[in-house]
Amino acid sequence: MYRKDNKTEHYTMKAQREGYPARSVYKLKDIDEKFRILKKGDKVLDMGAAPGSWMQYISIKVGERGLVQGVDIQDLEIELKPNMRFLKKDMREMASTHWKRGEYDAVVSDAAPFTSGVPSLDAGRSFELASKAFEIACSVLKRRGNFLTKIFDGEYTGDFYKDIQKSFSSVKRYRPSAVTKASRELYIIARDFAPKA
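Adding 126 to a residue's 1-based position in the sequence shown gives its number in the working numbering.
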């Protein structure tokens, strides 16, 4: 019989106890505590937001004067608070000009493709989503804003990492503790957006 590993079960049960629809919230919490990408009053764009755990965390972190705008092709499983907005749309079909230039303090993306089980194919699909999130981030971030994206580690990761380095002062790769050993999930954290002239 298939059984989740202990780490997966631990974080899944913790999410249920603490009122989050998905265990992925602990990946964001780990990253934010280590790299400090979110702060009070921030306006944050959350790509691939469903089922809504990241939006819940961000909503609390940015506070009443902040805002989190979620985007996903799927519905949320949470109730929106006053500082939350949601747009049901495929991020891949959105032009970077949908939002005002320099509108957001941070752009985060936990978007993941429907997996096929073929590692190279899944990595390519993940790269497509991460690239789109990066494209949008470069359009909507304020100067010195922060960007976070998930990508399945593969042949595209190195070049993608180098591309992000061209636009941010600090870029790091990180695997949060909530990521299972078997997963190819990797997070790229880019701080201090410095757009090209």
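Every residue gets a Cβ at the ideal spot worked out from N, C-alpha and C, and that includes glycine.
In this text, all values refer to a predicted model and were calculated from it rather than measured experimentally.
Could you tell me whether the Cβ atoms of GLY167 and MET181 are closer together than 7 Å? Between GLY167 and MET181, the C-beta spacing is not below 7 Å.
Where ARG299 falls, given that 16 or more other Cβ within 10 Å makes a residue buried: Exposed, because fewer than 16 other Cβ atoms sit within 10 Å of the Cβ of ARG299.
Grouping DSSP H, G and I as helix and E and B as strand, with all else coil, what is ARG317? Strand, per DSSP.
Neighbourhood of ASN209 by C-beta distance below 7 Å, restricted to the same chain and skipping five residues each side: Here the set comprises SER185, VAL188, GLU190, GLY192, LEU193, VAL194.
So what's ILE275 in DSSP terms, helix, strand or just coil? In the sequence under discussion, the amino acid at residue 275 is Thr, which differs from the Ile named in the question. If DSSP states are grouped into helix, strand and coil, THR275 belongs with the strands.
ASP201 - DSSP class collapsed to helix/strand/coil: Three-state DSSP puts ASP201 in coil, outside helix and strand.
Within 10 angstroms of the Cβ of LYS207, are there 16 or more other Cβ atoms? Answer buried if so, exposed if not. Here LYS207 is exposed, its C-beta having fewer than 16 other C-beta atoms within 10 Å.
Counting C-beta neighbours from all protein chains within 10 Å, is the total for THR275 16 or more, i.e. buried, or is it exposed? Buried: at least 16 other Cβ atoms inside 10 Å.
Which same chain residues end up closer than 7 Å to ASP216 when comparing Cβ atoms and leaving out the 5 residues on each side of it in sequence? Same-chain partners within the cutoff: ILE199.
Measuring alpha carbon to alpha carbon, tell me which residue in ILE163, ALA316, GLU281, ILE290 is nearest ARG310. That would be GLU281, whose Cα lies nearest to the Cα of ARG310.
Under 7 Å, do ALA221 and SER179 count as touching if we go by C-beta distance? With contacts defined by Cβ atoms closer than 7 Å, ALA221 and SER179 do not form a contacting pair.
State the CB to CB distance for the pair TYR183 and LYS155, rounded to an integer number of angstroms; the pair is presumed to be in contact (CB under 8 Å). For a cut-off of 8 Å, the C-beta gap from TYR183 to LYS155 is around 6 Å, short enough to register as a contact.
What are the partner residues of ARG211, as DSSP defines its beta bridges? ARG211 pairs with GLN195.
From the beta carbon of GLU135, is the nearest beta carbon of chain D less than 7 Å away? This model lacks chain D altogether, as it is built from one protein chain only.
Where LYS258 falls: helix, strand or coil (DSSP): Helix, per DSSP.
Who are the near neighbours of TYR137 in its chain, counting only those whose CB is closer than 7 Å to its CB and skipping five residues on each side? Around TYR137: ARG149, TYR152, ALA304.
Kindly indicate the opening and closing residues of the beta strand (DSSP E) around VAL170. In the DSSP annotation of this structure, the continuous segment of the beta strand (DSSP E) that includes VAL170 starts and ends at 169 to 173.
Closest Cα partner of TYR146 within the set ALA176, PRO321, SER293: Proximity to TYR146 across ALA176, PRO321, SER293 peaks at ALA176, based on C-alpha coordinates.
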